[in-house]
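Undergrad:
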């Protein structure tokens, strides 16, 4: 069972797991001697032993590196990031790590040779130095409670972890704060930048964590899902012996184990670093997602096995639509090339969308795809070889089964996708006979199910379903909405109108699209774009005219060829003001993160349905869900494997009742009848905890309300998006939930204003707030005779609510003074002692006295209130002090106790003063000073005016 580690529990938990994984923690005093230069981020004296141990071979003799060569390599590693941004620095260091550092060595015979020196021992993990240390503190007042850890491999800083702790209000932070903290590495010319050598970034909070490559935007960070993870594996990892047990870092939290084991286990980290990091277009860095990584591992494991005929094992790898199927194929091909066990394996890729050949107008067109396929099958062309699927099918129809002698040739891996299995069953059987020794491995977005037993596509090797991809942050949830719209004659059309039923239908669909887009995107303040899929250019032009006549959307017409590329070069870059792209031809090949709405008015095959879903579910800052609206009887609702397809929005409608009950559970009974009772139920209510810290009893309830209102609004946006647009009216149930959201949103605003927590609203909270106001229902009430209303009693006769509000305001002001953190903590501690006094008027008077002393402190005695008499006693006894804020707070406490004594019986005045004041003074003063202050107060306080 995990326990609280205090203020820096996340950091302690991370270090606890990392030490069990084999990382060595370095204290701050140990870093200095390991650095070559004080300003360097490289631990030179960790890399130096590895370079001294290295031997290169020359004419059968193992030779060491020269001191000049070692110095040259260390200098190259240390200075390779100078004058480069973070992403370029990371890519440069990665090339050095994978390829090695080059140096010229002089041989004993006087000749010189170039040597490629590896910086990491890839084959022997434990021969490397694995160190973890605290980064230099980053003095940012906005995030003072984020602690950075830097991971070094052979002295090179390759990992940066941001541990998000409690803030000054004792709230646990979120990974979003840590990601924002690390994003400063993208800013040029800023001090305290993260390590530019870093390859992976991790961010941990109390609930878990996520990871990303350098330069990844906040919405692109992912959680790691370890295959086969269980509680037993957590317990096994926790029970590993920890070296240097005198450092108390236990027990670590289970929420961090999966990510740290999956990404920063030494063997796994080298695996990711060597084979699953990639620099793409425009220098963008990519790291494998968990589904991609384990799909490759399961494929390699299957290919290493053989059946009784000696053929390598195959099967199916199923990754949810939009989770990176094409890049998973890239990682797999890279792993097959790098593994010497698969050196003789020839890879054939029949694809429906071949990679476009480089355009060179000065040369003739290359050989035909069919001739290239023949050369490959004959063993002459290079591997892997990509062939158009139509060409491969044509070869299968004409090819003859091989002879037994030819059958024993080289091994072929057939890496196929879902389009391949759309081939006729007879052709698939013929291809199996023509390639009897081949291994078939399928990468698809859902399991392949074929009716005939002899057409088995292979056993499922690995599944990464949509619910896992959504939970890991790889995609956003996609929902299916709408229904087929058939031609309906309009009564409003004039009698001489010549519009055909098809044109009437297109006008009806165009109007529905405009209304739907307005409600889902514009009113919800989301910077998203939609796409309308049609089949022919004629249909696209007709829709563009209909939408232009409607006049509410900015549209662009784009055609796509068989490879999913725009047919016109002008269509490659879509202007940002375009809200709806009308696409005809094939489906687009590239995924646009801004695309969040897909309108379908064309038939789609089974692979195309999932490919269409993958176009819209990429994460985006303004996107919380993607919607597929099917106006065509395309089979989207009846296709097999529905668990891999978008779910119906009816799921969200059914879940609204449960969300409503969860919100009602935070409020008192009959909450709908008394708004002020709900507000008071959630307003700050301060008390003193067992450890002497002030506690707001209602803060947890307010936090839940804040989060659940946003979640309820997000679900409601999806649930009612299409009702008014497609049916022309909104259900009474939806109208009731709209009213509920508006009421809760107003309550959240009121409570946040009382608690001075309005700065906690993030952009999504604000969007839901504005959408709730926009969707606020009209209120119709019966006339009220105000003369019959009885006088309203005072809602706060004892001043409890007023004192809580004032305590909240003073506590907030102390945090805004700009003082040092320890001074703010001391001032808040002094303020919290006022909570010892009874709630009501006495506490309110004490708070007024404390505020007066603060005014005197801030304005140098020029405040409008009279100075504290308790402060005057302290200054008369002890004179001036450097800790004036502490003395002012102590004077306020004396005033509070004296005011309480005046309110009680006069005969008990001195007894009350001594009993209440003496323990308070002993917390701050020595015994001699305590007695001096007691004597002074007891002799003078009887004549002080009450209050």
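In our numbering, the protein residues as written are 23 to 969. Don't be surprised by glycine CBs; every beta carbon is placed ideally from N, CA and C. All figures in this text were calculated on a predicted structure; none of them were measured in a lab.
Which residue from 336, 456, 495, 834 puts its Cα closest to that of residue 438?
TA: For the purposes of this step, residue 438 is taken as the residue at position 416 of the chain shown. Of the listed residues, the one whose Cα sits closest to residue 438 is 336.
Undergrad: Counting beta carbon pairs with one atom in the region 317-329 and one in the region 343-354, are three or more of them shorter than 8 Å?
TA: Taking 8 Å as the limit for Cβ pairs, the verdict is that the region 317-329 does touch the region 343-354.
Undergrad: DSSP state of residue 670, grouped into three classes?
TA: The sequence position of residue 670 within the chain shown is 648, counting from 1. Residue 670: strand per DSSP, three-state reduction.
Undergrad: If you check the beta carbons only, do residue 369 and residue 406 fall under 7 Å apart?
TA: By 1-based counting over the chain shown, the position of residue 369 is 347. By 1-based counting over the chain shown, the position of residue 406 is 384. Cβ distance < 7 Å, so residue 369 and residue 406 count as in contact.
Undergrad: If you count every other CB in all the chains shown that lies within 10 Å of the CB of residue 111, and 16 or more means buried, which is it?
TA: What you label residue 111 is simply residue 89 of the chain shown in a count that begins at 1. Classification of residue 111: buried, given that the 10 Å Cβ count is 16 or more.
Undergrad: Express the C-alpha separation of residue 857 and residue 708 in angstroms, rounding to a whole number.
TA: Against the chain shown, residue 708 aligns to sequence position 686. Against the chain shown, residue 857 aligns to sequence position 835. Cα-Cα distance, rounded: 8 Å.
Undergrad: Ends of the beta strand (DSSP E) at residue 482?
TA: Counted from its first residue, the chain shown places residue 482 at position 460. Unbroken beta strand (DSSP E) run through residue 482: 482-486.
Undergrad: Residues in the same chain with beta-carbon distance under 8 Å from residue 705, minus the five sequence neighbours each way, listed in chain order, please.
TA: The residue you call residue 705 lines up with position 683 of the chain shown. So the qualifying residues of the chain are 720, 773, 776, 777, 823, 826, 827.
Undergrad: Below 7 Å between beta carbons: does that hold for residue 792 and residue 547?
TA: For the purposes of this step, residue 792 is identified with residue 770 of the chain shown, where counting begins at 1. For the purposes of this step, residue 547 is identified with residue 525 of the chain shown, where counting begins at 1. In contact: residue 792 and residue 547 (Cβ atoms closer than 7 Å).
Undergrad: Counting only the same chain and skipping the five closest in sequence on each side, list residues whose C-beta sits under 6 Å from that of residue 926.
TA: By one-based count along the chain shown, residue 926 stands at place 904. Taken in chain order, the residues that qualify are 934.
Undergrad: So residue 414 and residue 395 are supposed to be a Cβ contact under 8 Å. How far apart are they, rounded?
TA: Start at 1 with the first residue of the chain shown, and residue 414 comes out as number 392. Start at 1 with the first residue of the chain shown, and residue 395 comes out as number 373. 7 Å between Cβ atoms; contact.
Undergrad: When you compare only the Cα positions, how much space is there between residue 74 and residue 53?
TA: Within the chain shown, numbered from 1, the residue matching residue 74 stands at position 52. Within the chain shown, numbered from 1, the residue matching residue 53 stands at position 31. Whole-angstrom Cα-Cα distance: 21 Å.
Undergrad: To the nearest angstrom, how far is the alpha carbon of residue 613 from that of residue 770?
TA: Against the chain shown, residue 613 aligns to sequence position 591. Against the chain shown, residue 770 aligns to sequence position 748. Computed Cα separation, rounded: 37 Å.
Undergrad: Please report how far the alpha carbon of residue 759 lies from the alpha carbon of residue 181, in whole angstroms.
TA: Taking the chain shown and counting its residues from 1, the one referred to as residue 759 is at position 737. Taking the chain shown and counting its residues from 1, the one referred to as residue 181 is at position 159. Rounded to whole angstroms, residue 759 to residue 181 spans 47 Å at the Cα level.
Undergrad: Beta-carbon within less than 6 Å of residue 742's beta-carbon, same chain only, minus the 5 sequence neighbours each way: which residues are those?
TA: As a working note, residue 742 is residue 720 in the chain shown. Excluding sequence neighbours, residue 742 sits near 756.
Undergrad: Over the uninterrupted alpha helix (DSSP H) stretch that includes residue 244, give me the two end residues.
TA: Within the chain shown, residue 244 is the residue found at index 222, counting from 1. Careful: residue 244 lies outside any alpha helix (DSSP H) and carries neither H nor E.
Undergrad: So, are the CB atoms of residue 600 and residue 576 less than 7 Å apart?
TA: Numbered from its first residue, the chain shown carries residue 600 at position 578. Numbered from its first residue, the chain shown carries residue 576 at position 554. Contact flag set, yes.
Undergrad: Using the C-alpha atoms, what's the distance from residue 604 back to residue 553?
TA: Counted from its first residue, the chain shown places residue 553 at position 531. Counted from its first residue, the chain shown places residue 604 at position 582. Going by the C-alpha atoms only, they are around 6 Å apart.
Undergrad: As an exercise, report each continuous beta strand (DSSP E) stretch of at least 3 residues that is fully enclosed by the region 371-458, in chain order.
TA: Fully enclosed beta strand (DSSP E) runs of 3 or longer: 407-410, 434-438.
Undergrad: Three or more C-beta pairs closer than 8 Å, one from the region 678-696 and one from the region 641-648: is that the case here?
TA: No, the region 678-696 is not in contact with the region 641-648.
Undergrad: Could you check the C-alpha separation between residue 230 and residue 276 for me, to the nearest Å?
TA: Your numbering for residue 230 matches position 208 in the chain shown. Your numbering for residue 276 matches position 254 in the chain shown. Taking the straight line joining both Cα atoms gives about 9 Å.
Undergrad: If you reduce the DSSP assignment to three classes, tell me which class residue 852 lands in.
TA: Here residue 852 refers to the residue found at position 830 of the chain shown. If DSSP states are grouped into helix, strand and coil, residue 852 belongs with the helices.
Undergrad: Within 10 angstroms of its Cβ, does residue 99 collect 16 or more other Cβ (buried), or is it exposed?
TA: By 1-based counting over the chain shown, the position of residue 99 is 77. Its Cβ being crowded by 16 or more others within 10 Å, residue 99 is buried.
Undergrad: Could you say if the region 480-488 and the region 625-634 meet the contact criterion of at least three C-beta pairs nearer than 8 Å?
TA: Segments in contact, no.
Undergrad: Would residue 910 be called buried (16 or more neighbouring beta carbons within 10 Å of its own) or exposed?
TA: By 1-based counting over the chain shown, the position of residue 910 is 888. Per the 10 Å Cβ criterion, buried.
Undergrad: Can you name the residues that DSSP bridges to residue 604?
TA: Residue mapping note: residue 604 aligns to position 582 of the chain shown, counting from 1. DSSP lists 554, 579 as partners of residue 604.
Undergrad: Determine the direct distance from the alpha carbon of residue 338 to that of residue 403, and round the result to whole angstroms.
TA: The residue labelled residue 403 in the question sits at position 381 within the chain shown. The residue labelled residue 338 in the question sits at position 316 within the chain shown. Distance between the alpha carbons of residue 403 and residue 338: 27 Å.
Undergrad: The beta strand (DSSP E) spanning residue 316 covers which residue range?
TA: Numbered from 1 along the chain shown, position 294 holds the residue referred to as residue 316. Premise fails: residue 316 lies in the alpha helix (DSSP H), 312-326, not in any beta strand (DSSP E).
Undergrad: Please name the residue, chosen from 194, 186, 444, that lies closest to residue 200 on a Cα-to-Cα basis.
TA: Stepping through the chain shown from its first residue, residue 200 is reached at position 178. The candidate whose alpha carbon is nearest that of residue 200 is 186.
Undergrad: Do residue 125 and residue 177 count as a contact pair if the criterion is CB distance below 7 Å?
TA: As a position in the chain shown, residue 177 is number 155, starting the count at 1. As a position in the chain shown, residue 125 is number 103, starting the count at 1. Going by C-beta atoms, residue 177 is not nearer than 7 Å to residue 125.
Undergrad: Counting Cβ pairs, one atom from each stretch, are 3 or more of them under 8 Å apart for the region 934-953 and the region 912-920?
TA: The region 934-953, when compared against the region 912-920, does touch it at the 8 Å Cβ threshold.
Undergrad: What residue from 544, 496, 665, 442 has the CA that sits closest to residue 638's CA?
TA: As a working mapping, residue 638 is identified with position 616 in the chain shown. Here the closest residue by C-alpha is 496.
Undergrad: Any idea if residue 269 is buried or exposed, counting beta-carbon neighbours within 10 angstroms, 16 or more meaning buried?
TA: Start at 1 with the first residue of the chain shown, and residue 269 comes out as number 247. The predicted position of residue 269 is uncertain, since its pLDDT is 47 and thus under 50; a value taken from the coordinates is nonetheless stated next. Under this definition residue 269 is an exposed residue.
Undergrad: Ignoring anything shorter than 4 residues, give me the alpha helix (DSSP H) runs that lie fully in the region 686-739, in order along the chain.
TA: Those alpha helix (DSSP H) runs which fall completely within the region 686-739 and span 4+ residues are 697-704.
Undergrad: Count the other CB atoms within 10 Å of the CB of residue 237; is the residue buried (16 or more) or exposed (fewer)?
TA: Residue mapping note: residue 237 aligns to position 215 of the chain shown, counting from 1. With 16 or more Cβ atoms within 10 Å of its Cβ, residue 237 is classed as buried.
Undergrad: Quick one: using the 10 Å Cβ neighbour count with 16 as the cut-off for buried, is residue 953 buried or exposed?
TA: Counting from 1 along the chain shown, the entry for residue 953 is found at position 931. Under this definition residue 953 is an exposed residue.
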